[in-house]
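Notes for the one structure printed next.
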DNA sequence: AATCCATATTAGATCGATCTAATATCCAGA
DNA sequence: TCTGGATATTAGATCGATCTAATATGGATT
């Protein structure tokens, strides 16, 4: 009797260092040439039925694993896409990544992912690595502080790049981004409709493109409503709850404090909500707050946060689609896709309180 | 006059389809053989100073890009690691991914990332793809519903696999996981110390290993405190706020409702907090709640959520380190690393309320 | 001048696939 | 019988790197 063998016999390493099964092995086993095996692997109609069967049998029998790298090398193609995300710990960007990966996978691409943690040097490093891996294209969510030089360099790389969520000014690269200005404008108009005229803008990093855009939308709404802009109502701060707390305190300390706040983002709004309560203001009745992003936590604050949804997962899918188009046709001009956000009215806004 | 040209002229494609610059080109330009160029590329001390300089000059001059795939093919190595995550939209797993990627990048590996969205079929597909790409190892956070067959198959793959956060029972694969039972036990003991004796366990999917473990810890604590277990107090439910709402309602409808709840996770706890308020219970005074995971939102609930921290980013780093060890020494036995969590006491627990 | 050793370089095979151009086979039609 | 066309298969070069084993070069030593 033969010695016992598990159901899933690892019969593939007779020698110590099991050599990989290759097309050559398949060819030998099936009694055909390597070329024919290759045709079978790529589902060519040129192969006779019976021959195909024999090869497929060999594949099963020998436990063959296709080597995509070797194939890509010979074909001078690539089925890998680089995905450079600035901060995955932010659920907003995590959603983006999910949309990206989903669309890329569906198209038969595999994602080389890196999280830069907003570190431009690390970003440079990983991009270089992925370039050396022959990524067919790049999805880039640039780290804050990315130098314009990078963009210039990338144009020379001769590989398509799509920016998402953020973009480098002056870049002749494609981009898929939300209409931040419009979103903030819609939010501001909502407050104006409720009677607010002293509206603060809290949080965001000065100089950052995204911040600039959001402030632009805020200003446009005030302007359209005939409200004179007051620079002291714009309070930049770190993009986290702590920043929100600080910014709210600063704005409440003004001679004429605001009756409502547009927050740079939901996480800033979280801090603003906490700080409002701490300052004895009942949100909605005494003070109105609007966030931005509509992250998962937004509907679970107390009261639930009114905010602007930008659908990061959908943006990811669109960005992936745009990149795939560029990969398919390299002469395709870099396009810019700007998605409209929507205002999600929940419970943090009320009419302007009656002056004491 | 010449037609205008951008400052950063892509001078590398004189012909339409610019051929890649290869070691052969470098060799020609530097007047040496391909072998010598290869030695320079790998920083070999065998090369004379002057020769190295000439090759490096050619590299700069021709804009050479190293081809890692070709090198990996020849060397029969791989610098890619597969990272299979079940649900990146969950901040908990996003943090895990960040820790993983960070450690892998630091070690010179690049991450092939896929998000399975808890779909075993998609998981199977991406794992197969990454295998064909020659991933040096796998980090697997198995989708719920993963069949045991997968594990069996992977043992035959002859490539190291480390499971994180979750694991497939019976798998002879490495794993890096939090001590869920201990975490839940600590949480339960906290409630017991506060005088609670009717403690519910809310949320979690029955049959899931993680749920089983957490319930085990819960039971152990009750047992140690001499409290008779009451199966009706264990209410499985979807792992999201909606599940929490449902589960709390169900438990409050019991003849003898609980005075405190251990939630399967923070997101479940969010729903439980909302539902408690809706039921007229003031959390802490009337009803105590503990979450699990310590996600970012946990400190911004009202009151801030007492929970169990498991440090997903650190787990990611450890898992990466474990995998790298297996890659370095394939004979290394699959190890199991179990990390102790810690209880984060915030504001959702109080002494057992005086009976009316 | 011959030998030896250390240093520096290289020709050619190789990794695992694909592609081109050629060849083999068979049957229909002149 | 020969030509032509469709069908099926293949030898050998190739992608871009590395590796092995051999060779070239230049002192130092006898």
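Protein chains in written order, with this note's numbering: chain D, -2 to 353; chain Y, -2 to 353. Glycine is no exception: its CB is placed at the ideal position from the N, C-alpha and C atoms. Just so we're clear, the structure is a prediction, and the values are computed from it rather than from any experiment.
Whole-Å CB distance - residue i paired with residue j, under 8 Å assumed
i, j, result
"residue 131(D)", "residue 77(D)", "7 Å"
"residue 280(D)", "residue 345(D)", "5 Å"
"residue 175(Y)", "residue 307(Y)", "4 Å"
"residue 288(D)", "residue 244(D)", "At roughly 13 Å, the Cβ-Cβ gap does not stay under 8 Å, so residue 288(D) and residue 244(D) are not in contact."
"residue 268(Y)", "residue 241(Y)", "3 Å"
"residue 333(Y)", "residue 171(Y)", "7 Å"
"residue 349(D)", "residue 230(D)", "Not quite, the Cβ-Cβ distance comes to about 15 Å (not below 8 Å), so this is no contact."
"residue 81(Y)", "residue 137(Y)", "5 Å"
Start and end residues, alpha helix (DSSP H) containing residue i
i, result
"residue 34(D)", "31 to 38"
"residue 48(Y)", "46 to 59"
"residue 311(Y)", "309 to 325"
"residue 210(Y)", "206 to 221"
"residue 147(Y)", "145 to 154"
"residue 20(Y)", "20 to 27"
Exposure label - residue i; buried when at least 16 CB within 10 Å
i, result
"residue 17(Y)", "exposed"
"residue 359(Y)", "Nothing can be reported for residue 359(Y): it is not among the residues displayed for chain Y, which extend from -2 to 353."
"residue 328(Y)", "exposed"
"residue 74(Y)", "exposed"
"residue 94(Y)", "buried"
"residue 214(Y)", "buried"
"residue 342(D)", "exposed"
"residue 278(D)", "buried"
"residue 193(D)", "buried"
"residue 120(Y)", "buried"
"residue 338(Y)", "buried"
"residue 187(D)", "buried"
"residue 125(D)", "exposed"
"residue 271(Y)", "buried"
"residue 54(D)", "exposed"
"residue 220(Y)", "exposed"
"residue 248(D)", "buried"
"residue 359(D)", "With chain D covering only -2 through 353, there is no way to say anything about residue 359(D)."
For residue i, three-class secondary structure by DSSP
i, result
"residue 346(D)", "coil"
"residue 173(D)", "strand"
"residue 5(Y)", "Here residue 5(Y) scores only 30 on pLDDT, less than 50, and its place in the model should not be relied on; the value that follows carries that caveat. Residue 5(Y): coil per DSSP, three-state reduction."
"residue 230(Y)", "helix"
"residue 192(Y)", "coil"
"residue 333(D)", "strand"
"residue 167(D)", "coil"
"residue 62(Y)", "coil"
"residue 179(Y)", "helix"
"residue 161(D)", "strand"
"residue 197(D)", "strand"
"residue 17(Y)", "coil"
N-terminal and C-terminal residue of the beta strand (DSSP E) that residue i is part of
i, result
"residue 304(D)", "304 to 306"
"residue 137(Y)", "134 to 137"
"residue 340(D)", "339 to 341"
"residue 287(D)", "285 to 287"
Exercise. In chain order, which continuous runs of the beta strand (DSSP E) of length 3 or greater are located wholly inside the segment 64 to 121 of chain D?
Worked result: The qualifying runs are 77 to 82, 107 to 112.
Exercise. Taking only runs of the alpha helix (DSSP H) that begin and end inside the segment 241 to 281 of chain Y, which ones reach a length of at least 4 residues, in chain order?
Worked result: Within the segment 241 to 281 of chain Y, the complete alpha helix (DSSP H) runs of at least 4 residues are 263 to 275.
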